[in-house]
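Chains as they are written, first to last, in my numbering: chain A, 4 to 359; chain B, 4 to 359.
The beta-carbon is built from N, C-alpha and C at its ideal position, and this holds for glycine as well.
Just so it is clear, the structure is predicted and the values come from calculations on it, not from any experiment.
2 protein chains.
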Amino acid sequence: MADGPTITTIAERAGVSIASVSRVLNGLPTRQETVRKVMAAADELGYVRNAVARSLKSRRTHQVAFAMADVGNPAYLAMLRQIQPVLKAAGYRLVLHSTDAVAADEIDVLHSLGERYVDGLIMSPLRVTEQHLQMLRAARAPVVIIGSVPEGTPVDNVRADSRTGVKLAVDHLHALGRRRIGMVNGPLDTVPGAARGAAYREALETLGLPYDENLVEIGDFYRAEGARAVAELLLREPGVDALMCANDLIALGALDVLRAAGRRVPEDVAVVGMDDTDLAAASWPSLTSVSLGSAERGKAAAELLLDRLQHGDREPRLVTVPPRLAVRASTTGEEPYPASRAAGRTRADKREGGRS
Amino acid sequence: MADGPTITTIAERAGVSIASVSRVLNGLPTRQETVRKVMAAADELGYVRNAVARSLKSRRTHQVAFAMADVGNPAYLAMLRQIQPVLKAAGYRLVLHSTDAVAADEIDVLHSLGERYVDGLIMSPLRVTEQHLQMLRAARAPVVIIGSVPEGTPVDNVRADSRTGVKLAVDHLHALGRRRIGMVNGPLDTVPGAARGAAYREALETLGLPYDENLVEIGDFYRAEGARAVAELLLREPGVDALMCANDLIALGALDVLRAAGRRVPEDVAVVGMDDTDLAAASWPSLTSVSLGSAERGKAAAELLLDRLQHGDREPRLVTVPPRLAVRASTTGEEPYPASRAAGRTRADKREGGRS
DNA sequence: ACACCTGCTGTAAACGTTTACGGTGTTTGG
DNA sequence: CCAAACACCGTAAACGTTTACAGCAGGTGT
């Protein structure tokens with residue numbers, strides 16, 4: 004692990020100045036003979052350019068950060084899967100931050116933008132405080148927010164439409180004849196929690212169904228929390244015939260509890276999840292889930308950031324990704340893998356998985 | 004996005020030299036009065052230290068890279084989930100690389116170590132060529148390899164024991180009375196593919212079962228490829244009563260095809276996967292799977308790297324993580340979520356999921 | 001009163017690049 | 001044959017830090 008060669012080493016060996024070495028390495032016009040000598044010296048020495056020194060001078064690091072609430076959540080991972088290749092193709096490295104949904108950590112990430120070790124940031128905050136907004140306005144590098152941010156905040160913004168998403172799900176349940184539709188939500192002080200709760204209420208209203216507090220249970224966005232919440236809901240309202248869950252993990256928890264309680268899914272209780280993660284398609288029974296386009300949102304965010312890195316001062320843009328309902332067995336009882344599909348290999352199939 | 008303040012700006016405003024500013028910011032002994040002035044100036048200016056300049060001088064970037072074959076694979080994500088917090092706690096940022104299992108990309112990552120934008124690297128290569136080894140010997144920063152690497156390679160190494168893992172699974176199937184145990188493997192020129200294939204053969208031998216080529220099908224480590232492979236295997240060997248799959252994705256593909264073909268799992272055909280990913284516990288029916296300790300391996304790798312970053316020249320270490328069989332419905336037919344567990348919230352439960 | 005130490009601070013060099021500028025040596029045109 | 005134009009190259013400054021070293025003021029011991 005001896006100290007590697009620098010352009011100075013090369014310059015000496017090739018008998019030219021460091022300026023010439025730099026020019027050759029950057030492909031600037033230079034005499035053939037010089038190019039040859041420099042290249043030869045660089046090859047012999049096994050030279051690799053020092054990215055740190057280069058960044059200091061050029062004020063570009065070719066790194067971009069992605070801050071997610073939790074590396075463990077499949078919805079964020081779906082974003083990551085799209086963001087990574089887009090950035091890689093453009094020559095950027097990806098720095099990962101996991102904020103564990105702690106506001107202080109998110110602020111910290113925003114603050115660390117000032118350290119200039121990245122050229123830009125994609126962030127998906129769970130809660131958006133006044134301090135967040137303040138730091139966003141003062142940010143020293145381009146930021147793209149995945150999630151909702153107030154009108155006028157000077158950042159690119161990619162949103163899901165969970166309002167329509169919840170409506171799709173509730174309408175679906177209603178169409179199946181369900182009338183006692185419960186909701187299992189995450190904390191109401193989170194952006195998604197608040198939006199999904201309000202959307203549920205609204206969807207019921209549109210259908211002319213009464214809003215019943217007893218049918219709503221608040222927990223957290225985890226599987227075990229979902230299970231706990233559903234257990235309580237069942238105790239309080241045994242008549243519930245459908246559950247709208249605020250994400251897939253909660254829904255999986257719901258399935259656990261319903262099975263343990265001897266309730267059949269979907270005959271007795273239909274269940275809908277949200278985010279349409281890998282887990283939904285793989286679960287038992289397979290889970291009907293509202294896709295909020297995690298993958299598309301990730302891709303859009305990466306593209307917005309790249310665009311902004313290239314054309315600096317552009318109007319901030321807002322991209323909204325439409326939701327889609329993935330209907331599976333937990334509401335209809337029908338298994339979604341017919342023989343024809345299972346045996347054939349499609350592009351979409353391939354994207355579902357990976358190597359090991 | 005105006006140019007931020009530097010220590011020079013602070014020095015001017017505080018009426019001291021840049022050296023003093025640096026000393027104060029780094030907590031080196033300084034007169035109280037000076038400390039006060041510098042801190043005040045830094046606060047007023049909203050100073051944030053430039054990480055790039057700092058790295059250039061100190062030759063430390065406080066970044067570590069993790070190169071995985073594919074961001075889409077849950078087994079690697081399980082590693083990522085462990086690596087991230089360990090590094091974060093030690094003050095390191097994580098740079099992600101996805102090599103798409105292309106050897107050239109892996110070499111590229113190794114090469115780019117010379118750019119010195121990271122202090123170390125954790126890598127999990129699918130194939131290990133002579134060129135890999137050569138670059139590992141010449142690496143300009145500490146490397147930890149997750150996967151097998153020849154004796155004597157000067158890097159820390161974390162291994163799974165897939166040999167024992169496969170044996171656990173085959174023994175389990177044998178104990179359940181299965182005698183026509185097939186194997187669906189990935190490419191034999193990959194490290195895991197080769198190891199798992201050999202282990203399968205060996206396990207059969209130990210049990211006194213004949214090795215039958217017709218019971219083995221090679222595909223790739225994807226769900227759709229697994230489905231295709233199993234479809235062919237079923238056609239050729241309708242009598243197969245168990246399938247040992249080289250990873251969970253293949254096993255999920257197997258479940259798809261078996262269901263479509265009207266074979267009951269596990270009554271007609273028992274299925275075992277490998278890696279014990281989230282998908283295994285969530286699948287339908289839930290999947291018995293050999294855990295190769297992805298999480299533990301990730302954690303061990305991160306810890307080895309940190310240790311190496313602190314005590315530079317240490318003997319290379321080898322950590323082997325033992326396998327474990329997670330028995331679920333795809334072999335025994337018994338559902339693994341009793342009511343008592345589903346309703347309670349444990350630390351382990353919480354780790355399974357995340358926020359959304 | 002002098003040498004000496006102590007505590008603090010400033011000057012300057014260094015990390016490895018990129019790049020503006022000016023200085024060569026050669027070519028071109030009159 | 002000389003001036004101007006040109007192609008190429010080297011010198012040096014800059015990016016924002018850290019840190020070795022020297023200098024300076026004030027206090028201590030003799």
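**Message:** Here's the rule I'm using: 16 or more other beta-carbon atoms within 10 Å means buried, otherwise exposed. How should D259(A) be labelled?
**Reply:** Around the Cβ of D259(A), a 10 Å sphere holds 16 or more other Cβ atoms; the residue is buried.
**Request:** Report the residues of the region 242 to 256 of chain A with a CB closer than 8 Å to any CB of chain B, ordered along the chain.
**Result:** A249, N250, D251, L252, L255 and G256
**Message:** With distance defined between alpha-carbon atoms, name the residue in S127(A), M82(A) and E118(A) nearest to T102(A).
**Reply:** Closest by alpha carbon: S127(A).
**Request:** Assuming D279(A) and A329(A) form a contact by the criterion Cβ under 8 Å, report the distance between their Cβ atoms to the nearest whole angstrom.
**Result:** Here D279(A) really is in contact with A329(A); their C-beta atoms are around 5 Å apart, less than 8 Å.
**Request:** In angstroms with no decimal places, state the Cα-to-Cα distance between E299(B) and P77(B).
**Result:** 14 Å
**Asked** Are the beta-carbon atoms of I221(A) and L191(A) separated by less than 8 Å?
**Response** At the C-beta level, I221(A) and L191(A) come within 8 Å of one another.
**Asked** Of all the CB atoms in chain B, is at least one closer than 8 Å to the CB of H360(A)?
**Response** Since the displayed chain A opens at 4 and closes at 359, residue 360(A) lies outside it and no answer follows.
**Asked** With 8 Å set as the bound, which would you pick, yes or no: does the beta-carbon of P288(B) sit closer than that to a beta-carbon of chain A?
**Response** yes
**chain A contact for R267(B) (CB, 8 Å cutoff)** = no
**Item:** Any beta strand (DSSP E) of 3 or more consecutive residues that is wholly inside the region 154 to 179 of chain A
**Value:** 159 to 163
**Prompt:** First and last residue of the beta strand (DSSP E) that includes R96(B)?
**Reply:** R96 to S101
**Item:** Proximity below 8 Å, CB of V243(A) to CB of V272(A)
**Value:** yes
**Item:** Contacts of N217(A) in chain B (Cβ-Cβ under 8 Å)
**Value:** Within 8 Å Cβ-Cβ: nothing; N217(A) doesn't reach chain B, min ~20 Å.
**Message:** Assuming S297(B) is part of the beta strand (DSSP E), what are its boundary residues?
**Reply:** Looking at the DSSP string, S297(B) is not in any beta strand (DSSP E); the run it does join, the alpha helix (DSSP H), is S297 to Q313.
**Counted within 10 angstroms of its Cβ, other Cβ atoms place Y214(B) as buried (16 or more) or exposed** = exposed
**Prompt:** Taking the beta strand (DSSP E) that V147(B) falls in, what are its first and last residues?
**Reply:** V146 to I149
**Request:** Would you list, in sequence order, the uninterrupted alpha helix (DSSP H) runs of no fewer than 4 residues that lie entirely inside the region 48 to 110 of chain B?
**Result:** 54 to 61 and 77 to 92
**Request:** Identify whether R320(A) lies in helix, strand or coil by the three-state DSSP scheme.
**Result:** Assignment of R320(A) by DSSP, reduced to helix, strand and coil, places it in the coil class.
**Message:** Just list the residues that DSSP pairs T291(A) with in beta bridges.
**Reply:** T291(A) pairs with V275(A).
**Strand pairing of E220(A), partner residues [DSSP]** = V187(A)
**Contact set between the region 79 to 100 of chain B and chain A, restricted to residues whose Cβ is under 8 Å from the partner** = Y79, L80, L83, R84, Q87, P88, K91, R96, L97, V98, L99 and H100
**Asked** In the structure shown, what three-state DSSP assignment does A232(A) receive?
**Response** helix
**Cβ distance (whole Å) where V324(B) is taken to contact A163(B) below 8 Å** = Their Cβ separation, rounded to whole angstroms, is 6 Å, which keeps V324(B) and A163(B) in contact under 8 Å.
**Request:** Closer than 6 Å by C-beta to A198(A): which residues in its own chain qualify, once you throw out the five before and the five after it? Chain order, please.
**Result:** S165
**Beta-bridge pairing of M126(A) - partner residues as DSSP gives them** = A70(A) and I148(A)
**Asked** With DSSP run on the structure shown, which of helix, strand or coil describes A329(A)?
**Response** strand
**Request:** Taking C-beta pairs closer than 9 Å, name the residues in chain B that N53(A) reaches, listed in chain order.
**Result:** L59, G117, E118, R119 and Y120, listed in chain order.
**Message:** Quick check: the Cα distance between S20(B) and A54(B), rounded to an integer number of angstroms?
**Reply:** 20 Å
**Request:** Compare the C-beta of H314(B) with all C-beta atoms of chain A and state if any pair is closer than 8 Å.
**Result:** no
**Asked** Does the count of Cβ pairs from the region 168 to 178 of chain B and the region 197 to 211 of chain B closer than 8 Å reach three?
**Response** yes
**Asked** Are D251(A) and L282(A) touching if we call contact CB-CB under 8 Å?
**Response** yes
**Prompt:** Within 8 Å (strictly less), CB to CB, does A202(A) reach chain B?
**Reply:** no
**Request:** Starting from the C-beta of D122(A), find all residues in its chain whose C-beta is less than 8 Å away, skip the five residues before and the five after it, and write them out in chain order.
**Result:** R63, T64, H65, Q66, V67, Y95, A144, P145 and L312
**Request:** Round the Cβ separation of P153(B) and L136(B) to the nearest angstrom and send it over; I've been treating them as touching at under 8 Å.
**Result:** 7 Å
**Message:** Can you tell me whether A245(A) is helix, strand or coil according to DSSP?
**Reply:** strand
**Request:** Please name the residue in E337(A), L261(A), L308(A) and D108(A) whose C-alpha comes closest to that of T132(A).
**Result:** D108(A)
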